[in-house]
Amino acid sequence: MQGFFNINKSAGMTSHDVVSVIRRIVQIKRVGHGGTLDPDAQGVLVVAVGSATRALQYLEQWPKIYCAQLELGSATDTQDSSGQKTMVRDSFSISRSELQSVLDGFLGCTEQIPPMYSAIKIGGQKLYEAARKGISIERKPRPIKIDSIELLDQTDADYLGPRARISIRATCSAGTYIRTLCHDIGIKLNCYAHMTHLVRERSGIFRIADAVPLDLLRNAPQSAATHLIGINEALAHLPAVRVNADLSRRVLCGNTVPIDELINGLCRLQDANGIILAVAEGRRIGPDSVTTASPICVFSAPGE
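One rule links them: number in the working numbering = place in the sequence shown (from 1) + 161.
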């Protein structure tokens, strides 16, 4: 068994908890996830099974879409509602036009300082482990890109004050912390804010409308395979190149092979039946633009 589950993670579970459940259901050790979701967050969690775990690296850089709710008037040490309040502002009035202007200011390429309560390692230590000990570690800003932020109206009020809650939908690059975005929005508004709810609605081709609740797999483990998304489908954004039986054997051994297509970059190598063999790096060589493909991620042989 190999492929991807598009899981609709519920709140209260870590991403690793979901992986552990999937391992028990499919009875395969090689299971991993792409793009960690915080325990309180919900929504799309891509879980890879078998040799599909090798392909996660080609999916994790996809843009993500999140729907988040934030509360104005207070900041917390975790930047969400699970933490302790660190800054409070009891009196302010923000117009919707001010709010929209601040949201627009986050669009495009920018930098973001990762939160202390995160799994990022600095000096071999996970930040959240240091944070729980009361230790603050200097973090360098990381480049992110926010393609869109949509304000989801939930009130007709022209002005927003303390404890007002607003919802946004953001399309952003991988590595963007929505908790931190909510915190930073509060700083820009000069009223503080923290995230109260988060749903990941999309990660690349994986959409929440198609996501499977974990309980569905728990209750019917025999049907788990019917919910798998194949490696070929998941990597459809890479051009496909078919090779004959002789070249297929060479690809499965990790050998560079000649291809007819003029490709300069990543591609999928498939056998004559369209079964994916590997992700390869295509290169044009020489004045005649002869193209070769060098496997960099080989999957199981056809039929395995």
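Note that beta-carbon positions come from the ideal geometry of N, C-alpha and C, so glycine has one too.
Here the structure is a predicted model, which means the values were calculated and not measured.
| query | result |
| --- | --- |
| With DSSP as the reference, identify every bridge partner of Phe166, one or two as the case may be. | Val208 |
| Please report the straight-line C-alpha distance between Gln203 and Ala291, rounded to a whole angstrom. | 25 Å |
| Looking only at its own chain, which residues have a Cβ that is under 6 Å from the Cβ of Pro463, when we skip the five neighbours before and after it? | For Pro463, the pLDDT reaches just 42, beneath the cut-off of 50, and the residue's location in the model is therefore unreliable, although a value from the coordinates is still provided. Around Pro463: Asp432, Ile436. |
| Considering only the beta carbon of each residue, do Leu427 and Val418 sit closer than 8 Å? | no |
| Less than 8 Å between the C-beta atoms of Lys306 and Ser334, yes or no? | yes |
| Quick check: what's the CA-CA separation for Val180 versus Ala331? | 26 Å |
| Could you please give me the residues that DSSP links to Ile183 through a beta bridge? | DSSP output for Ile183 lists no bridge partner at all. |
| Going by the beta-carbon positions, is the gap between Val205 and Phe166 smaller than 8 Å? | no |
| Would Ala329 pass as a contact of Leu313 if the rule is Cβ separation under 8 Å? | First, the amino acid is wrong: residue 329 is Ile here, not Ala. Yes, the Cβ-Cβ distance between Ile329 and Leu313 is below 8 Å. |
| Using a 10 Å radius around the Cβ and a threshold of 16 neighbouring Cβ atoms, would you call Val402 buried or exposed? | buried |
| Run through DSSP, which three-state label would Ser409 get? | helix |
| Given a threshold of 16 other Cβ atoms within 10 Å of its Cβ, counted over all protein chains shown, does Thr239 qualify as buried or as exposed? | buried |
| So Gln120 is in the alpha helix (DSSP H); what residue range does that whole segment cover? | Residue 120 lies beyond the range of the chain shown here (162 to 465); nothing can be said about it. |
| Using a Cβ-based criterion (distance less than 7 Å to any ligand heavy atom), does Ser181 qualify as near the ligand FMN? | The ligand FMN is not part of this structure, which contains no ligands at all. |
| For Phe253 and Val182, I'd like the C-alpha separation in whole angstroms. | 46 Å |
| Which same chain residues end up closer than 8 Å to Arg368 when comparing Cβ atoms and leaving out the 5 residues on each side of it in sequence? | Asn167, Val205, Glu362 |
| Can you check DSSP and say which residues form a bridge with Cys343? | None; Cys343 has no bridge partner. |
| Glu442 lies in the beta strand (DSSP E); which residues open and close that run? | 437-446 |
| Please state whether the Cβ-Cβ distance between Arg300 and Ile327 is less than 8 Å. | no |
| Among Gly415, Gly443, Leu413, which one has its Cα closest to the Cα of Glu422? | Gly443 |
| Count the other C-beta atoms from every protein chain shown that fall within 10 angstroms of the C-beta of Asp241, then say buried if there are 16 or more, exposed otherwise. | buried |
| In or out: Ala397 buried (at least 16 other Cβ within 10 Å) or exposed? | exposed |
| Quick one: is Lys246 buried, meaning 16 or more other Cβ sit within 10 Å of its Cβ, or exposed? | exposed |
| Taking the continuous alpha helix (DSSP H) assigned at Gln230, which residues delimit it? | First-last for Gln230: 225-233, but that is the beta strand (DSSP E), not the alpha helix (DSSP H). |
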